[in-house]
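Q: Got a structure for you, written out below as structure tokens; questions coming shortly.
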Amino acid sequence: MAGRTLAQRAMRNPVLPLIYERVWRPVGFTLASAGRSTTAEQERIDAFLALAPGARVLDVACGPGNTTRRLLRTLGPDGRITGLDAAPAMIARARADTDDPRVDYIQGDATAMPFADGAFNAVTCLGALYLVEDAEAVLDELVRVVAPGGRVVVLTSVHRGPAPLHGLADALMRPAGMRVFGADEVTAALRDRGLVHVRRELAGFLQLAAGSRPM
Ligand SMILES: C[S@@+](CC[C@H](N)C(=O)[O-])C[C@H]1O[C@@H](n2cnc3c(N)ncnc32)[C@H](O)[C@@H]1O
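Residues in the sequence shown are numbered consecutively from 3, following my numbering.
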């Protein structure tokens with residue numbers, strides 16, 4: 003992550019990990035999703051993921067590990083989860099918040115991840131795709147590292163309302179370094195990369211999109 007845009011610089015601010023989980027995340031995402039609570043969002047993510055207890059999971063752009071730790075609690079003793087994030091302060095915070103041997107955190111770029119093809123049974127990328135300059139490269143990577151039969155789940159932005167408003171949303175968000183995806187852009191991108199059973203749910207200006215790699 004080059005850290006060139008306002009949004010990327012905000013993610014690298016050392017103060018953000020301290021307030022992210024309790025303030026920034028719930029307030030920002032509840033507003034963006036037109037009032038959906040964090041608990042309700044988590045229920046939908048879990049339903050989309052349908053994790054088996056022994057799954058190997060990758061949480062891409064994990065931030066301070068909020069979702070990583072929560073998903074860890076749904077895994078059994080043989081489950082494993084890896085959190086990857088580009089921001090050193092986020093990774094430091096995530097590492098400080100758990101000593102569970104089933105989790106590890108890696109500082110890295112979602113556009114070029116240090117994992118083998120098909121290494122994970124499930125891959126999440128939540129609240130980050132709209133921040134990345136090359137979202138298509140991240141989508142390539144999410145699909146590359148998921149195993150046959152495994153699931154990719156993405157939580158990101160989406161245009162809503164009449165088309166003329168889309169240009170306004172872009173004009174407001176782009177200068178801050180945030181992209182708003184077209185209604186079918188992310189689901190089409192998952193299908194184009196070979197995923198099947200692609201589905202999507204909308205909540206305000208957020209979409210949860212998921213697909214499975216064929217067996
Ligand atoms: C809003 S936080 C999302 C954290 C968490 N996934 C969640 O849902 O709350 C966005 C995260 O994306 C990370 N990020 C942005 N671009 C990235 C990239 N290219 N590679 C890895 N992480 C990236 C930022 O460092 C930040 O921690």
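From the three backbone atoms N, C-alpha and C, an ideal C-beta is built for every residue, glycine too. Source: prediction; values computed, not measured.
Extract the residue ranges of the alpha helix (DSSP H) inside the stretch 62-106, only unbroken runs of 4 or more that lie entirely within it.
A: 68-76 and 90-98, all fully within the stretch 62-106.
Q: Among T126, A94, L73 and P177, whose alpha-carbon lies nearest the alpha-carbon of L20?
A: A94
Q: Identify the continuous alpha helix (DSSP H) that holds V188 and give its terminal residues.
A: E187 to D194
Q: Are the beta-carbon atoms of E203 and L210 separated by less than 7 Å?
A: yes
Q: In terms of residue numbering, what span does the beta strand (DSSP E) encompassing L157 cover?
A: V148 to S159
Q: Give the DSSP-derived three-state secondary structure of L60 in the structure shown.
A: strand
Q: Quick check: the Cα distance between E43 and V29, rounded to an integer number of angstroms?
A: Using only the alpha carbons, I get a separation of about 13 Å.
Q: Judging by CA-CA distance, which residue of G152, R58 and A98 is the nearest neighbour of R82?
A: R58
Q: Please report the Cβ distance between L144 and V160, rounded to the nearest whole angstrom; I am assuming they are in contact, meaning their Cβ atoms lie under 8 Å.
A: Rounded, the Cβ-Cβ distance is 17 Å, inconsistent with contact.
Q: Once you ignore the five residues that flank M175 on each side, which residues in its own chain have a CB closer than 6 Å to its CB?
A: V182
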